[in-house]
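Single-structure report; data block below.
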Amino acid sequence: MTLLSFTIASAACAAIPAVLTLWNYAEYRAPRSATGCDEALTVIIPARNEEQGIEACVRSVLASVGVALTVLVIDDASTDGTADVVQRVAAQDARVRLIRNEALPAGWNGKQHACFVGARLAQSPLFCFLDADVRLQPEALVRLAAQMRRDGAALISGFPRELTGGVLDRLLIPLIHFVLLGFLPMRFLRTGVSPGFAAGCGQLLMVDRTAYFAAGAHEAIRSTMHDGLLLPRLLRQHGYPTRLVDLTHLATCRMYTADAATWNGLSKNATEGIAAPARIVPFTLLLLLGQVLPLPLLVIAWERTTFVIPFLGPPIRVGMQPVWVALFAVGLSYLPRVMHAARFRQSAVGAVLHPVGVLVLLVLQWVALVRKVLRRPATWKARSYGQ
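Plus 780 on top of the position in the sequence shown (first one is 1) and you've got this note's numbering.
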């Protein structure tokens, strides 16, 4: 395969997420403004060892406007002071209730079980499953509920602004938007119920009570770790429409505070996403050719191209020289990341190091798959989950 052929293949692979991202930007929007309708809503927060952040999360929820609110914090057998913090907040606001969930039944993931326990206790027609590291703006819940009702959806989910601090954070967390908007046609998510176009964010999932239990609830995905993807897919399998919105200006989330946590957190459920055996090979080829190799190919092509100063030698031939195709591929590969950095307020350093981040992501996916093949457990929140 010639250098020109490699650069053309690289440009073609880079064009796929670049073009799809431009198309998706018209579909991926924030929920529209809404006036308060006092919709009855229960926010269910699964919390395991969240002593440091649970109060800020709960208080951000309590500041919500336009909804009739109940907050259920499911203490998932925490070994720190999570329950004490929640009890203190509950003593100050009757809308907050602490549920102690001491035992994890066999075959269940901890978060899925905590969400299921909370859903069975909730009485409202709408639930919102919220991770303890999310902070909401006051209008977030009412706008989500109103958008959900306008669209006739059974579930609506959204990605907050993902805050980053560590090295792996800056490299990997922004790739959530890159993969989402670069490889999922949002229009098909909006206009149909095919499970193949399901998407969501496990940090925030608002769902209709009737549809949730009719589809099997978290009990149907009890052993999994990725309800952000699998709960929307479950509802769509039962014929219920789902929606995905941009919450960049309505919520924030700091997923991880250390590089080790970032690696473990992203790899624990990787095999339920990109690292699934049926997906990992095509994704690896697409990402390697379209995102990692354009810069090395540009360097190689540049070194093989002879540029002549005008009037001091023969005129340079432009045509389809590999250097120009490689330069085009580099531009296409960086286009989505530059756009995302501006729109979603992401790390500029992470955008500049985009090829490095994609390479690290691929390594993470393959490590997760090997771990699954070898039946080595994933560890999260001091629990081990078998593969």
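The beta-carbon is built from N, C-alpha and C at its ideal position, and this holds for glycine as well.
Closer than 8 Å is the cut-off here; do at least three beta carbon pairs connect the segment 1043-1061 with the segment 1100-1111?
Contact between the segment 1043-1061 and the segment 1100-1111 is absent, because fewer than three Cβ pairs lie under 8 Å.
Which term fits S785, buried or exposed, when burial requires 16 or more other beta carbons within 10 angstroms of its beta carbon?
exposed
Counting Cβ pairs, one atom from each stretch, are 3 or more of them under 8 Å apart for the segment 864-881 and the segment 794-813?
Short answer: they don't touch.
Alpha carbon to alpha carbon, how far is T1085 from G938? Give it in angstroms, no decimals.
47 Å
Bridge partners of G938, per DSSP?
DSSP output for G938 lists V1025 as bridge partner(s).
Leaving out five residues on either side along the sequence, give the residues of the same chain with a beta carbon under 6 Å from the beta carbon of V987.
Around V987, the same chain offers F907 and L935 as residues with beta carbons nearer than 6 Å, after the five sequence neighbours per side are excluded.
Please report the residue range of the beta strand (DSSP E) in which T850 lies.
V847 to D855
Considering only C-alpha positions, which residue in the set G1053, V1110 and P905 is nearest to G980?
In this structure, G1053 is the residue among G1053, V1110 and P905 with its C-alpha nearest to the C-alpha of G980.
Enumerate in chain order the residues of its own chain whose CB-to-CB distance from P826 is below 8 Å, with the five nearest sequence positions on each side excluded.
I854, D856, G890, K891, A894, C895, G898, F909, D911 and A912
First and last residue of the alpha helix (DSSP H) that includes I1060?
Its alpha helix (DSSP H) spans residues P1057 to L1067.
Does the segment 1116-1136 come close enough to the segment 1033-1043 to have 3 or more Cβ pairs within less than 8 Å?
Taking a contact to require three or more Cβ pairs closer than 8 Å, the segment 1116-1136 and the segment 1033-1043 do not qualify as touching.
Run through DSSP, which three-state label would F1124 get?
coil
Measuring only the C-alpha atoms, how far is H998 from C1033?
23 Å
Within the same chain, show all residues whose beta-carbon is closer than 6 Å to that of Q1167, passing over the 5 residues directly before and after it, in chain order.
Low local confidence applies: a pLDDT of 49 at Q1167 is under 50, so the model's placement there is unreliable, with the coordinate-based value given in what follows. Result list for Q1167: K1152 and R1155, in chain order.
With DSSP run on the structure shown, which of helix, strand or coil describes I953?
coil
Touch check for the segment 1135-1150 and the segment 1068-1075: three-plus C-beta pairs under 8 Å?
With a cut-off of 8 Å, the segment 1068-1075 and the segment 1135-1150 count as touching, because enough Cβ pairs lie within range.
Determine the contact status of T1064 and L961, defining contact as a CB-CB distance below 8 Å.
no
Which two residues bound the contiguous beta strand (DSSP E) that contains T1159?
A1158 to W1160
Looking at L916 and A836, is the spacing between their C-beta atoms short of 8 Å?
no
With C-beta atoms as the reference, is P975 less than 8 Å away from R1016?
Yes, they are a contact pair.
Flag this pair as yes or no: are the beta carbons of A1168 and V847 separated by less than 8 Å?
An answer regarding residue 1168 cannot be provided, because it is not within the stretch 781 to 1167 covered by the chain.
Could you have a look at A789 and say whether DSSP puts it in helix, strand or coil?
A789: helix per DSSP, three-state reduction.
So V973 and G1019 are in contact, right, with Cβ under 8 Å, and what is the actual spacing, rounded?
6 Å
Since I believe E819 is in contact with D860 (beta carbons under 8 Å), could you give me their beta-carbon distance rounded to a whole number of angstroms?
Distance from D860 to E819 at the Cβ level is roughly 34 Å; contact not present, criterion being Cβ atoms closer than 8 Å.
Measuring alpha carbon to alpha carbon, tell me which of D1026, N804, T862 and L852 ends up nearest D873.
L852
So what does L916 bridge to, in DSSP terms?
A1031
Measuring only the C-alpha atoms, how far is R970 from A933?
9 Å
Grab me the residues of I796's own chain with a C-beta within less than 7 Å of its C-beta, minus the 5 sequence neighbours each way, in chain order.
Closer than 7 Å at the Cβ level, and outside the excluded window around I796, lie L1066 and G1070.
Are the beta-carbon atoms belonging to A794 and L1112 less than 8 Å from one another?
yes
Spell out the partners DSSP gives P826 in its beta bridges.
According to DSSP, which records beta bridges pairwise, P826 is partnered with I854.
Pick out the complete beta strand (DSSP E) segments inside the segment 955-1010, 3 residues or longer, and give them in chain order.
984-988
Closest by CA to E942, which one among H957, S813 and V1118?
H957
Can V838 and V869 be called in contact, C-beta distance under 8 Å?
yes
Who are the near neighbours of L1221 in its chain, counting only those whose CB is closer than 7 Å to its CB and skipping five residues on each side?
In the structure as shown, the chain begins at 781 and stops at 1167. Residue 1221 is therefore absent and cannot be evaluated.
Contact check, F968 vs F977 under 8 Å by CB: the rounded distance?
4 Å
Secondary structure at L1115, three-state DSSP: helix, strand or coil?
helix
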